[in-house]
Structure formats: C-alpha cells, structure tokens
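Working notes, structure below.
There are 2 protein chains.
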Amino acid sequence: MNALPDIGAIRDAAARIAPHAVVTPVLRSAVLDALVGAELHFKCENLQRGGAFKFRGACNAVWSLSDEEAARGVVTHSSGNHGNALALAAATRGIQAHVVVPEGAVQAKLEAIARAGGTLHRCAPTQAAREAMCDQVQAQTGAALVHPYADARVMAGQGTLALELLGQAPQLDALITPVGGGGLAAGVAIAAHALKPGLALFAAEPAGADDAARSLAAGARIESLSPDTVCDGLRALMGQPNFEALRAHRVEVITVSDAETVAAMRLLWSELKQVVEVSSATVLAAMLKQPRRFAGMRVGLVLTGGNVDLDALPW
Amino acid sequence: MNALPDIGAIRDAAARIAPHAVVTPVLRSAVLDALVGAELHFKCENLQRGGAFKFRGACNAVWSLSDEEAARGVVTHSSGNHGNALALAAATRGIQAHVVVPEGAVQAKLEAIARAGGTLHRCAPTQAAREAMCDQVQAQTGAALVHPYADARVMAGQGTLALELLGQAPQLDALITPVGGGGLAAGVAIAAHALKPGLALFAAEPAGADDAARSLAAGARIESLSPDTVCDGLRALMGQPNFEALRAHRVEVITVSDAETVAAMRLLWSELKQVVEVSSATVLAAMLKQPRRFAGMRVGLVLTGGNVDLDALPW
Numbered sequence: 636m637n638a639l640p641d642i643g644a645i646r647d648a649a650a651r652i653a654p655h656a657v658v659t660p661v662l663r664s665a666v667l668d669a670l671v672g673a674e675l676h677f678k679c680e681n682l683q684r685g686g687a688f689k690f691r692g693a694c695n696a697v698w699s700l701s702d703e704e705a706a707r708g709v710v711t712h713s714s715g716n717h718g719n720a721l722a723l724a725a726a727t728r729g730i731q732a733h734v735v736v737p738e739g740a741v742q743a744k745l746e747a748i749a750r751a752g753g754t755l756h757r758c759a760p761t762q763a764a765r766e767a768m769c770d771q772v773q774a775q776t777g778a779a780l781v782h783p784y785a786d787a788r789v790m791a792g793q794g795t796l797a798l799e800l801l802g803q804a805p806q807l808d809a810l811i812t813p814v815g816g817g818g819l820a821a822g823v824a825i826a827a828h829a830l831k832p833g834l835a836l837f838a839a840e841p842a843g844a845d846d847a848a849r850s851l852a853a854g855a856r857i858e859s860l861s862p863d864t865v866c867d868g869l870r871a872l873m874g875q876p877n878f879e880a881l882r883a884h885r886v887e888v889i890t891v892s893d894a895e896t897v898a899a900m901r902l903l904w905s906e907l908k909q910v911v912e913v914s915s916a917t918v919l920a921a922m923l924k925q926p927r928r929f930a931g932m933r934v935g936l937v938l939t940g941g942n943v944d945l946d947a948l949p950w
Numbered sequence: 636m637n638a639l640p641d642i643g644a645i646r647d648a649a650a651r652i653a654p655h656a657v658v659t660p661v662l663r664s665a666v667l668d669a670l671v672g673a674e675l676h677f678k679c680e681n682l683q684r685g686g687a688f689k690f691r692g693a694c695n696a697v698w699s700l701s702d703e704e705a706a707r708g709v710v711t712h713s714s715g716n717h718g719n720a721l722a723l724a725a726a727t728r729g730i731q732a733h734v735v736v737p738e739g740a741v742q743a744k745l746e747a748i749a750r751a752g753g754t755l756h757r758c759a760p761t762q763a764a765r766e767a768m769c770d771q772v773q774a775q776t777g778a779a780l781v782h783p784y785a786d787a788r789v790m791a792g793q794g795t796l797a798l799e800l801l802g803q804a805p806q807l808d809a810l811i812t813p814v815g816g817g818g819l820a821a822g823v824a825i826a827a828h829a830l831k832p833g834l835a836l837f838a839a840e841p842a843g844a845d846d847a848a849r850s851l852a853a854g855a856r857i858e859s860l861s862p863d864t865v866c867d868g869l870r871a872l873m874g875q876p877n878f879e880a881l882r883a884h885r886v887e888v889i890t891v892s893d894a895e896t897v898a899a900m901r902l903l904w905s906e907l908k909q910v911v912e913v914s915s916a917t918v919l920a921a922m923l924k925q926p927r928r929f930a931g932m933r934v935g936l937v938l939t940g941g942n943v944d945l946d947a948l949p950w
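So the sequence lines, in the order shown, correspond to chains A and R.
Using my numbering, the letters of the first sequence correspond one by one to residues 636 to 950.
Using my numbering, the letters of the second sequence correspond one by one to residues 636 to 950.
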C-alpha cells in the first residue's frame, strides 16, 4: 500500500468513485485575479461530499477492496476530514468504518463521523496511542487500514481531482495545493504531469509545520515535527512515499505564516463567497506572498475543504 | 419604464448582459435535501458579478440606453447591492454612475461603490431626501434614473436568472425567491411562466416587512411599511408593477421570522459552504417552515447575494 500510484491507477480511481463523488465546480474571481496579477481557477473541494477532497481517496480505498475484505470493514486514525470521509465512503458500500479518535478532538467532527455511520474508538491524544488502538481494532475485526495519506489507493483517489480540473481548465500553466501528509500533493503531481508534463507544480505549507519544505531542501525526509499552526488539516508529518513523489515531480514548496493564511481565508470568504477552512487558504496566501513568481500565469488552486466552526472564526 | 417586461424583453436582456454577467452555478446538498424532504437546486447569485443578482438588472438597464442617453450617465438611490451593481454596470459601458446614499449607510458598501467607479451623493436618511437628491442629480446631469425594482428594464434583467436556471435544471416543479421591492420576484415569475406555465411560484418575505403577503391577501397594494427585520435587502416597499406581476402569476408568499432566517443562513454556510447574506436565506427558511408544501418537489431556490460583514455575523 506504500508504493506510489501511476496514472492508470488514478484513472481507475476516477471510474471507481464517479458514482459517489461530486464533480466540483471551478470558480473564478475578477477581484482576486487583479489582486494577484494572475488568472486564478479555484477547484472547490469544499463542495465535495463530506465538505473536503478526502472523500475521493477514502472512496477509492473502500471500493478497491475485495468483497471478502470489505465485509470486515475499514479502520483509520483521523479525527478530521479523513475520518469523516472514510465513514461516508464505507456507507456507500454498506460496510463498517472504525475511526480511532484522540481525546480532545473537536466535538462537531466526532458528531459528523457518527452521523455518517462511523464507529468511534477513543484513545489518548498521542501518535503511539492512536496506532495501538488501530492495531487493536484491526486484530479484533480484521478491518482494512486506510491510512490518511501514505496509501497508494488514497493518493490515487486524491489524484482524480487533477484529472477533473485539467478537463475543466485545460489551459492551466501551474497547480498549487496545500501540503500536510502529502496525499493530495502526491496524487495531484502524478496525475497532472501524466497529462501535462510541463505543468509547474507548487505546494503551500504553514511555516509552523514546514517539514515538506525542509525535507525537499535537504533531499531527505525529516522524521519528526512539532507542528505549531492554526491549519489543523496540515499538521501531519509528510509520508515517505509522498515525499518521494514530491521530489520526483519537482514540486516547489512555498511556506506561509498563519497570519498570511488567515488573511487569505478572509479574502476567499469575502470575494469568492466560499466557506473554506483555514488550511485551504494557504494556496492563495502563497500566491499573494510571491506574486512575481506567478505573474500572468493561469493557475489552478485547490480549495481543500470547508468544514469550519462558524462560532470560532480566526479573525 | 413602469410597465412589465414580456418574455421577449427578458430574452433581449439575456443577450444584452451575456458579455458581462456570470452564468452562476446551481449547487446541491444531500444534507439539505434530507432536511427539507425535497430536491433543492440552489441558484448561486452570490457568485454573480458584484456578489448579487442585482448586476443583471442594472446591466440590462445600462445597455438599453441609446448612446446619447448613456453619455449623460445613470443615477439611482440605493446604498445596497443595486447601487454597487449600477456602478459596476456603468463601468462596463464606460459611463458615469451617480449613487445617492443616505447618511448612516454601511461604510463597506460605500467603499465598494466608490471602488467600482461610482460617484456618491450623500443625503439625509429619509425616502423624501433620497428622491430629492436623485431629482437634483438628474436635473444637473441629465442622468437616466435606474430604479432598483419598479423599472421594466431592471425586472427584465432579473428575469434572465430564471431563463438560465430552467436551462440548467429543466425538471423543476417550483421556484422560490426572496421578495422585497419585487424586481426579482416579478422578473422571475414572467420568465418562468413563459417557459413553463405549470411551475409553482413562491416568494419568501420577512415577517417584519410583510407588505407583499398582506398586499396579495388584500388584493390591493399596501402603500406604507415600517420594516423591522435583519434582512437589509428586503426592507423596501413592493412596487406597483411588481405587485401586479406577482398577483397575475399567482405567486404565493411565505413569511418567515428573522430567527428562522438566521438559522437557515447558518445552514447554507455550514452545509452548502456558501457565503450568503441574510436576505438570501429566507428561501430556505420558508421551505423549512412549511416542508409539507414542498414534499418531494424539485425546487429552485434563488440565493440572491453574498455581501456580508464578516465581522458582524448574526449568530
């Protein structure tokens, strides 16, 4: 499961998820184009099922299982959008999803997972406790692990987004996605370069969780991280296969401060009229930070999700 | 200018505004469908140029003028979305827009009008002062008055929204729009019934500004109103031609409380992921209030605008 998918696997994923996923729209804004000095095409995965691109990868993983495997269910450790996406995806196949969640996880997200039919397993808020609980659930149920990003089926699912976007906006010169664990960035890089080898690829990363930037600069993956960022979707350490994909495809990482990201989030709400979560705004923040790099280019920006607490906006 | 447009005028308007207006998307939400028990198709005019449907009517009015008339500019009294839309529309033709604004108008909206190139004329916050200032600007400049709703060109422009929506979702059984002055409700009724005479037409109105509901019930237009509602876009008294169109097309008005509207607004943000202003949410509030009336129906809901103060959300 740790190998990288190829374009064939991504095309298979697109066919597999088509009955379940939303073909999300691409939105434009003359005001934001003028502000950056480039032609911006926003791929609105906040409008994806479950409110985030994560449904693509989870759905591909669920429908990649044999009937026998599927009957034993799936399991993951993610209290965020991936956990919810896996619960939703499992429901499309009528199978069980076990989601290991650390104490202290956001109540609204747990309720969403439960509403989608997922079974919650609580554990202490450490990486070790999560993995131990995951192992325990697997041992008891035989459920298949669906890792949030270091999984070829998941990366292939996320990559379908690039196939879709390049069909909607074939003229693009560049693509930019946020990067956390790297499932999205890796899948998009593989798919985008298969279709358009000359495309420039960028990833936006919070300065307070900049392991992708540092790993690529050093030529070797950093193996520990103490994230300090409001971008709750981008705190994960980049996976090993994900690192390899980003390096092979020469993805350039631009780091942004939380203040820059929150300002960009506000612009996406006020000008694009989209409810997006803070992690999504890193891509616009990166372009606003380095406008000369993008001057006059046609750029696809992936807005990754829209699951926010409307009572606790960061401005 | 006070007569009603016919379908020919609305088709002409569609051709006239096509080079300038956005073809706005229609969005769906499985969660909201389940909540109401109907099939909801949201026409997202929050994504229209200027962030509101008002650009359609203003643009049609501006491009309906002869070159000689246009050279003298346009004028209106509206500190809200119509004023901004008229300034944007005038800019597409390179002509001047005069916007009369009462003291106390929201600063952000005045800045938007100025940014669009409009000339602001301040007056006391009364209807009489607005009209006097409008007359004065007209006398001095010869500018053409573009009334926010009691104007056939404006109603025709707003009606283009229904042509577009019925092209995108031809299977609809019903349409629902908010109603304030009635420019949108009238234009939509005329266009929708020309294409589909059996379509059920609804309008949602704040209980604190329910002159449309009372006028239609009484069979005669109420001529004064002291609005008391958070829906700042729906405080206007319905116009006479607008009343006649709603009566002729048997538009049924559903009134909703501000609390119902604010709750629906929050749902549109959290589930549809759209930044919409409070007036837009009346349509969902009306369906949630009377779900039996809409059970199983395919309904088009017009989300009229997305210009909100992100620092002062109503929840």
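By construction, the Cβ of each residue, glycine as well, lies at the ideal position given by its N, Cα and C atoms.
Neighbourhood of residue i by C-beta distance below 6 Å, restricted to the same chain and skipping five residues each side
i                      : result
residue 764 of chain R : 758
residue 790 of chain R : 640, 818, 821 and 822
residue 920 of chain A : 891, 895, 896 and 899
residue 693 of chain A : 720, 721 and 724
residue 954 of chain R : The displayed coordinates of chain R run from 636 to 950. Any statement about residue 954 of chain R would go beyond what the structure contains.
residue 655 of chain R : 694 and 727
Cutoff 9 Å: residue i Cβ touching any chain R Cβ
i                      : result
residue 694 of chain A : no
residue 763 of chain A : no
residue 859 of chain A : no
residue 905 of chain A : yes
residue 689 of chain A : no
residue 841 of chain A : no
residue 684 of chain A : yes
residue 803 of chain A : no
residue 949 of chain A : no
residue 946 of chain A : yes
residue 735 of chain A : no
residue 725 of chain A : no
residue 913 of chain A : no
Within-9 Å CB hit, residue i to chain A
i                      : result
residue 679 of chain R : yes
residue 894 of chain R : no
residue 646 of chain R : no
residue 742 of chain R : no
residue 728 of chain R : no
residue 654 of chain R : no
residue 908 of chain R : yes
residue 660 of chain R : yes
residue 718 of chain R : no
Classification of residue i by the beta-carbon crowding that lies within 10 angstroms, buried from 16 upward
i                      : result
residue 714 of chain A : buried
residue 912 of chain A : buried
residue 687 of chain A : buried
residue 775 of chain R : exposed
residue 699 of chain A : buried
residue 870 of chain R : buried
residue 751 of chain A : buried
Whole-angstrom C-beta distance between residue j and residue i, which should lie under 8 Å
i                      : j                      : result
residue 826 of chain R : residue 884 of chain R : Not a contact, Cβ separation roughly 10 Å.
residue 851 of chain R : residue 881 of chain R : 6 Å
residue 691 of chain R : residue 793 of chain R : 6 Å
residue 678 of chain A : residue 935 of chain A : 6 Å
residue 697 of chain R : residue 646 of chain R : With 8 Å as the limit, residue 697 of chain R and residue 646 of chain R do not qualify as a contact, their Cβ atoms being about 18 Å apart.
residue 917 of chain R : residue 839 of chain R : 4 Å
Unbroken beta strand (DSSP E) run spanning residue i, endpoints
i                      : result
residue 823 of chain A : Careful: residue 823 of chain A lies outside any beta strand (DSSP E), inside the alpha helix (DSSP H) at 818-830.
residue 933 of chain R : 933-938
residue 840 of chain R : 835-841
residue 619 of chain R : With chain R covering 636 to 950 only, the question about residue 619 of chain R has no answer from this structure.
residue 809 of chain A : 809-813
residue 888 of chain A : 887-891
residue 678 of chain A : 674-679
Contacting residues, own chain, Cβ-Cβ under 7 Å from residue i (five flanking each side not counted)
i                      : result
residue 740 of chain R : 714
residue 657 of chain R : 682, 683 and 684
residue 671 of chain R : 922, 923, 926 and 929
residue 960 of chain A : Examination of residue 960 of chain A is not possible in this model, given that chain A is present from 636 through 950 alone.
residue 848 of chain R : 840, 888 and 890
Residues near residue i by beta carbon distance below 8 Å, same chain, minus five either side
i                      : result
residue 745 of chain A : 714, 736 and 755
Alpha helix (DSSP H) segment containing residue i, residue limits
i                      : result
residue 758 of chain A : It is not in any alpha helix (DSSP H) - residue 758 of chain A instead sits in the beta strand (DSSP E) that spans 754-758.
residue 645 of chain R : 642-652
residue 717 of chain R : 716-728
Residue i: CB within 8 Å of a non-hydrogen atom of the ligand PLP
i                      : result
residue 754 of chain R : With respect to the ligand PLP, the structure shown offers nothing to examine, as it has no ligands at all.
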